[in-house]
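Down below is the structure, laid out as structure tokens.
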Amino acid sequence: MNPRRALTVAVLVLLAVAAGVALLRSDPGGDPARSIAAGLRCPSCQGESVADSSSPVAAAMRQVVADQLAQGRTPDEIRHWFTERYGDEVLADPPPRGPGLLLWGVPALVLLGTGYAAVRTLRPAGGRAGVPVRRAGGPRRRTAWRLGALGLVAMVGAVAFGAARVDRPADDGGSPDPAAVAVLLARDLEQQGRYDDAARMYRQALETHPAADVRLRLAFTLVRAGAPADAEREARQVLAGAPDLPEALLVLGLAQRKTSPDRAPETLRRFLDAAPDHPAAGEVRRLLAPDG
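Going letter by letter, the sequence shown gives residues 40 to 331 in the numbering used here.
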């Protein structure tokens, strides 16, 4: 085998390895929604994709995928939607960067450099008029080059296969924050008017991130979902730590208009005293008016 043919074979083998890696990572099911979900990491799981996880966050992400496919978005647009909100870490195979990018680039450069050296070393010498053509090196040298080329191809294939794994976020810290993902999903669901689903996501976020702002969002969502008693309970939990928080007083007063109409005016007046210039103050004054 001449050096050019050996270099061609090496490149073809490398391409075959890359194609094999792509096939192994692809979803053979043919279902676009599952294929997209399989390429997303479940934020609240370890080592599971959104397609395989049974967590509420993963279920909500699958619903987002299905909804956006129904709206006519392409798989690339849907993946971009997720990466815009949660970063590249939400992808099961994020684009190579840092060490991973080097591991993709360096083997290719080494392969090209070695192929060039092989051509220079093994090409026939001479060729001028009256000068016999002779091959550089003996059979042993050519055999050594061929074995070296095969070993190099194997090394490049192995390194390329593992390159994505080197830069892949670790399961114990590289995934997006589950609570943050749940809150963003809940807000998207609120915008769609799906308040029950949004409340479920806020509760999921509270399991790992029991913050007052998340609990307030849950309380407002429960009012809109027609669950004022639950909203009142959540608002009171926030007020237990911040008795004069205007937003908590507001949502409590709105909930009490359904659960305790006689107490609602007093709570809403406390809200106006605490935040007279609040964006919702005008609407609250209208509600407290005699004909409100």
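C-beta: ideal position from N, C-alpha, C; glycine also. Keep in mind the model is a prediction, meaning the values are calculated, not measured.
For leucine 245 and aspartate 252, the rounded distance between their alpha carbons = 10 Å
message = Less than 7 Å separating the Cβ of alanine 319 from some heavy atom of the ligand ZN?
response = Summarising the ligand content, the structure contains no ligands, and the ligand ZN is consequently not present.
ask   = Quick one, which of Gly280, Ala266, Arg73, Glu322 has its alpha-carbon nearest leucine 289's?
value = Glu322
message = Taking the straight line between their C-alpha atoms, what separation do you get for aspartate 211 and alanine 319?
response = In this prediction, aspartate 211 has a pLDDT of 45, which is less than 50 and means its spatial position is unreliable; what the coordinates show is noted afterwards. Those two C-alpha atoms are separated by around 42 Å.
task = Grab me the residues of alanine 221's own chain with a C-beta within less than 6 Å of its C-beta, minus the 5 sequence neighbours each way, in chain order.
result = So the qualifying residues of the chain are Val96, Met240, Gln243, Ala244.
Local Cβ density within 10 Å of glutamine 295, reported as buried at 16 or more and exposed below that = buried
query = Near threonine 298, what residues of its chain come up, given a Cβ to Cβ distance below 8 Å and the 5 sequence neighbours on each side ignored?
reply = Pro267, Ala268, Glu271
inquiry  = Could you compute how far the alpha carbon of alanine 99 sits from the alpha carbon of alanine 287?
reply    = 27 Å
task = Go through its chain and collect everything with a Cβ distance to aspartate 127's Cβ below 6 Å, but skip five positions before and after it.
result = Pro133
ask   = Going by beta carbon distance, what residues of the same chain come within less than 7 Å of proline 215, once the five residues before and after it are set aside?
value = Pro82, Tyr125, Gly126, Glu128, Val129
Spatially closest choice to aspartate 115 from Pro71, Asp91, Leu228, by CA coordinates = Closest by alpha carbon: Pro71.
Local conformation of serine 93 per DSSP, three classes = coil
ask   = Are the beta-carbon atoms of proline 300 and leucine 327 separated by less than 8 Å?
value = no
ask   = Taking the Cβ atom as the reference point for each residue, do leucine 291 and arginine 308 lie within a distance shorter than 8 Å?
value = no
Three-state secondary structure assigned by DSSP to arginine 80 = strand
message = Looking only at its chain, what residues have a beta carbon closer than 7 Å to the beta carbon of histidine 317, apart from the 5 residues adjacent to it on each side?
response = Pro285
Residues of its chain near alanine 76, where Cβ-Cβ distance is below 6 Å and the 5 sequence neighbours each way are ignored = Val89, Ala90, Arg101, Val104
ask   = Over what stretch of residues does the alpha helix (DSSP H) that includes glutamate 246 continue unbroken?
value = 234 to 247 is the extent of the alpha helix (DSSP H) around glutamate 246.
key: Inter-residue spacing [alpha-carbon to alpha-carbon] between glutamine 231 and proline 282   = Between the C-alpha atoms of glutamine 231 and proline 282 there is a straight-line separation of about 32 Å.
Through-space distance from threonine 260 to proline 315, alpha-carbon basis = 23 Å
message = Let me confirm a value: glycine 111 is counted as buried when at least 16 other C-beta atoms fall within 10 Å, else exposed. Which label applies?
response = exposed
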